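Let me begin by presenting the structure, written as structure tokens, before commenting on it.
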Ligand code: SAH
Ligand code: SF4
């Protein structure tokens, strides 16, 4: 038998042997969802099939959003049977549980293997850097699930997180594991499917601000971005990735030809406070993060977003705003600031800032000529807001 292996993107570098695909199907199924057109073409070549068949399958997986091989009617039955016999299945992550907020936000527990991961749908949302640029004041539609005109999907990159920011509920889970490209992109496709989104008719933005630190799962994260761009059809400038400041990741990101926009979780006015609330600052301090961000060739009109979680009494005072102004000026970057009032969570001893202190902070930055937005909290009642993703099963459950 000839040596026949090929590299699967979905497993990020693992070699899957296709030898003996016609032998009895192995009990472990391989997921087609997550393979890009090139990987599917390689697979079909191994199976003795023509490349256009791989294109048909990619179209079915990513544009028609099939969940079973039976639904791929563009492929002959014999080929579908061959794939099944070889141990392949669609294997797209699916929504296991849903929770709906009074503001129209929905939070999903999405099944990825034996564990679930969280994804959030925000109709008419502004919970991300993307919308804040538009300075939208539009009210949410009364029935947000059926008459939304645009939406943001908040996507997870890992199950749990290793970074251990003191104010974040996800940190309490620790890092359970990295998600594969198929599991990251699959969250988006499952949610698009649920809402029957037609991408050419509606405006959907993605924010990689769910569970986990995308730049500590860099290869899989970027492979997912490429799947979402090339196969699903969402343009990179419609995506924003947020990092806690993982310098090697930012440096790699700067080299990408096509990439999402970037948000940096600054969250503090100086290194001392940042170190106390974000232990990662000991490894890469604010100056190191800013140096890395400066290596990015920004597109015309593109800006980096500094996210700033406001902790009552700790980071929300006028002297903190003054420090942030100096810091942003010294950074000498095309930048804007997103203020996020801290969202509470069980077992975390911080205070939310008052609405007045958030407004005053914004005014101070605006007066200094810094574009500053206040991010409206979404889905707090169902633990869907920033930093609240911990696979909580509280909240109004929906039939999924
Ligand atoms: N791990 C990445 C992306 C996910 S967190 C990062 O940290 O950037 C997304 C945003 O939510 C970050 O800006 C983070 O600082 C913020 N955040 C975390 N916990 C929060 C909380 N309890 N309230 C408000 N924002 C929070
Ligand atoms: Fe991880 Fe981001 Fe939460 Fe920090 S804020 S623990 S990096 S998810």
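Numbering (my numbering), first residue to last: 538 to 937. Even glycine gets a Cβ: it sits at the ideal position worked out from N, Cα and C. Nothing here was measured: the structure is a model prediction, and the numbers come from that model.
Cβ-heavy atom distance, residue i to ligand 2, below 7 Å
| i | result |
| --- | --- |
| residue 748 | yes |
| residue 491 | A question about residue 491 goes unanswered here, because the residues of the chain that appear run from 538 up to 937. |
| residue 715 | no |
| residue 741 | no |
| residue 701 | yes |
Environment of residue i [buried if 16+ CB atoms lie within 10 Å]
| i | result |
| --- | --- |
| residue 667 | At residue 667, the pLDDT of 38 sits below 50, so the modelled position is not reliable and the matter cannot be decided from this model. |
| residue 563 | At residue 563 the pLDDT is 49, less than 50, meaning the model places this residue with poor confidence and gives no usable figure here. |
| residue 610 | exposed |
| residue 798 | buried |
| residue 590 | buried |
| residue 838 | exposed |
| residue 952 | Any question about residue 952 goes unanswered here, given that the chain covers just 538 to 937. |
| residue 538 | Because residue 538 sits at a pLDDT of 33, beneath the cut-off of 50, its placement in the model cannot be relied upon, and the following sentence gives the value as read from the coordinates. Exposed is the call here. |
| residue 857 | buried |
| residue 844 | buried |
| residue 872 | buried |
| residue 593 | buried |
| residue 888 | exposed |
Residue i beta carbon near ligand 1 (any heavy atom closer than 7 Å)
| i | result |
| --- | --- |
| residue 723 | no |
| residue 690 | no |
| residue 780 | yes |
| residue 804 | yes |
| residue 869 | no |
| residue 844 | yes |
| residue 925 | yes |
| residue 706 | yes |
| residue 946 | Beyond the ends of the chain as shown, which are 538 and 937, falls residue 946; an answer cannot be given. |
| residue 879 | yes |
Three-way DSSP call (helix, strand, coil) for residue i in this model
| i | result |
| --- | --- |
| residue 706 | coil |
| residue 574 | helix |
| residue 567 | strand |
| residue 660 | strand |
| residue 642 | coil |
| residue 958 | Residue coverage of the chain in this structure runs from 538 to 937, which leaves residue 958 outside it and unanswerable. |
| residue 823 | helix |
| residue 616 | helix |
| residue 814 | helix |
| residue 714 | strand |
| residue 794 | coil |
| residue 835 | coil |
| residue 901 | helix |
| residue 628 | coil |
| residue 917 | helix |
| residue 603 | coil |
| residue 803 | coil |
Proximity test, Cβ basis, 8 Å: residue i and chain C
| i | result |
| --- | --- |
| residue 914 | Given the protein chain composition of this structure (a single chain), no chain C is represented. |
Counting only runs that start and end within the stretch 837-898, where is the alpha helix (DSSP H) found for 4 or more residues in a row?
855-868
For the structure I just gave you, are there three or more beta carbon pairs, one from the stretch 720-733 and one from the stretch 755-762, closer than 8 Å?
yes
Does the stretch 733-745 come within contact of the stretch 703-718, defined as at least 3 CB pairs closer than 8 Å?
no
Three or more beta-carbon pairs under 8 Å between the stretch 787-801 and the stretch 594-603, yes or no?
no
Where in the stretch 727-788 do unbroken runs of the beta strand (DSSP E), each at least 3 residues long, occur, reported from the N-terminal end onward?
740-745, 776-780
Touch test, the stretch 642-655 against the stretch 913-922, Cβ-Cβ under 8 Å, three pairs minimum:
yes
Could you check whether the stretch 871-884 touches the stretch 904-920, counting it as contact only if at least three pairs of C-beta atoms, one from each stretch, sit closer than 8 Å?
yes
Any contact between the stretch 906-913 and the stretch 860-878? By contact I mean 3 or more CB pairs, one from each, below 8 Å.
yes
Count the CB pairs spanning the stretch 845-856 and the stretch 884-901 that are closer than 8 Å, and state whether there are at least three.
yes
Just checking, does the stretch 768-788 make contact with the stretch 800-812 on the three C-beta pairs under 8 Å criterion?
yes
Do three or more CB pairs link the stretch 708-718 to the stretch 767-775 at distances below 8 Å?
no
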